[in-house]
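Trainee: Structure provided below as structure tokens; questions to follow.
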Amino acid sequence: MSTARFAPRAVLFDLDGTLLDTIADLADAANLTLAELGRPARSQDEIHSFVGKGIPHLVRRCMIEGTSATEAEIETAVTVFRRHYAVVNGARTTIYPGVIETLQTLRARDIRLAVVTNKAEAFTLPLLARMEIAHYFDTVVSGDTLAVKKPDPAVVRLACERLEVAPTE
Numbered sequence: 409m410s411t412a413r414f415a416p417r418a419v420l421f422d423l424d425g426t427l428l429d430t431i432a433d434l435a436d437a438a439n440l441t442l443a444e445l446g447r448p449a450r451s452q453d454e455i456h457s458f459v460g461k462g463i464p465h466l467v468r469r470c471m472i473e474g475t476s477a478t479e480a481e482i483e484t485a486v487t488v489f490r491r492h493y494a495v496v497n498g499a500r501t502t503i504y505p506g507v508i509e510t511l512q513t514l515r516a517r518d519i520r521l522a523v524v525t526n527k528a529e530a531f532t533l534p535l536l537a538r539m540e541i542a543h544y545f546d547t548v549v550s551g552d553t554l555a556v557k558k559p560d561p562a563v564v565r566l567a568c569e570r571l572e573v574a575p576t577e
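Those letters in the sequence shown? Residues 409 to 577, by the numbering used here.
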């Protein structure tokens, strides 16, 4: 067994559910969308179970779970959701306990930091700024930065390339 200590040069963070608790804003935007489209509201817990694969997936699940919707209705719903989310993004989001201290400690150790998220850049960058944590990160790779999303390894490789570190570092 090696006694060598692992000394990372960089740390990559997911955003939603890791650094920030964003579910209230996502649920608000989803329910505003459903209301505008004449559909019943969903619980925050139910909406939470739909999160993690991007807005189109979230909206699709909101529209079809236990009911049905055409592709055209889902497309419309995605557009409506984006409009509502642009307004509520960050309104009820909170930073998880210990996050600021962790980011400060890592920066003090000269460790490069990145956010790697499936959230679109149009929502990611304003959210990081609104929560006053954007300055901690050397780069952000959003869900629309590349043609692929997490868990595709190309996303992590791009973050590492931007940070000028090998993925093993």
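Think of the CB as a built atom: it goes at the ideal place given N, C-alpha and C, for glycine as much as any other residue.
Since we're looking at a predicted model, the values are computed, not measured.
In the structure shown, what three-state DSSP assignment does D424 receive?
Mentor: Strand at D424.
Trainee: Taking only the alpha-carbon atoms, compute the straight-line gap between C568 and G446 and give it to the nearest angstrom.
Mentor: About 44 Å.
Trainee: For D518, list the residues DSSP reports as bridge partners.
Mentor: Partner(s): none; D518 has no beta bridge.
Trainee: Going by DSSP, what residues sit across from V523 in a beta bridge?
Mentor: Bridge partners of V523: F421 and V548.
Trainee: Buried or exposed: which applies to V556, given that a residue is buried once 16 or more other Cβ atoms fall within 10 Å of its Cβ?
Mentor: V556 should be labelled exposed.
Trainee: Kindly indicate which three-state DSSP category T502 falls into: helix, strand or coil?
Mentor: Note: T502 maps to strand in three-state DSSP.
Trainee: Go to L536, then tell me how far its alpha helix (DSSP H) extends in each direction, as first and last residue.
Mentor: Unbroken alpha helix (DSSP H) run through L536: E529 to R538.
Trainee: Can you pull the DSSP bridge partners for D429?
Mentor: Its beta-bridge partners are T502.
Trainee: Is any beta-carbon of chain C found at less than 9 Å from that of T547?
Mentor: No chain C appears in the structure shown, which is made up of a single protein chain.
Trainee: How long is the line joining the alpha carbons of D422 and P448, rounded to whole angstroms?
Mentor: Rounded to the nearest angstrom, the two C-alpha atoms are 31 Å apart.
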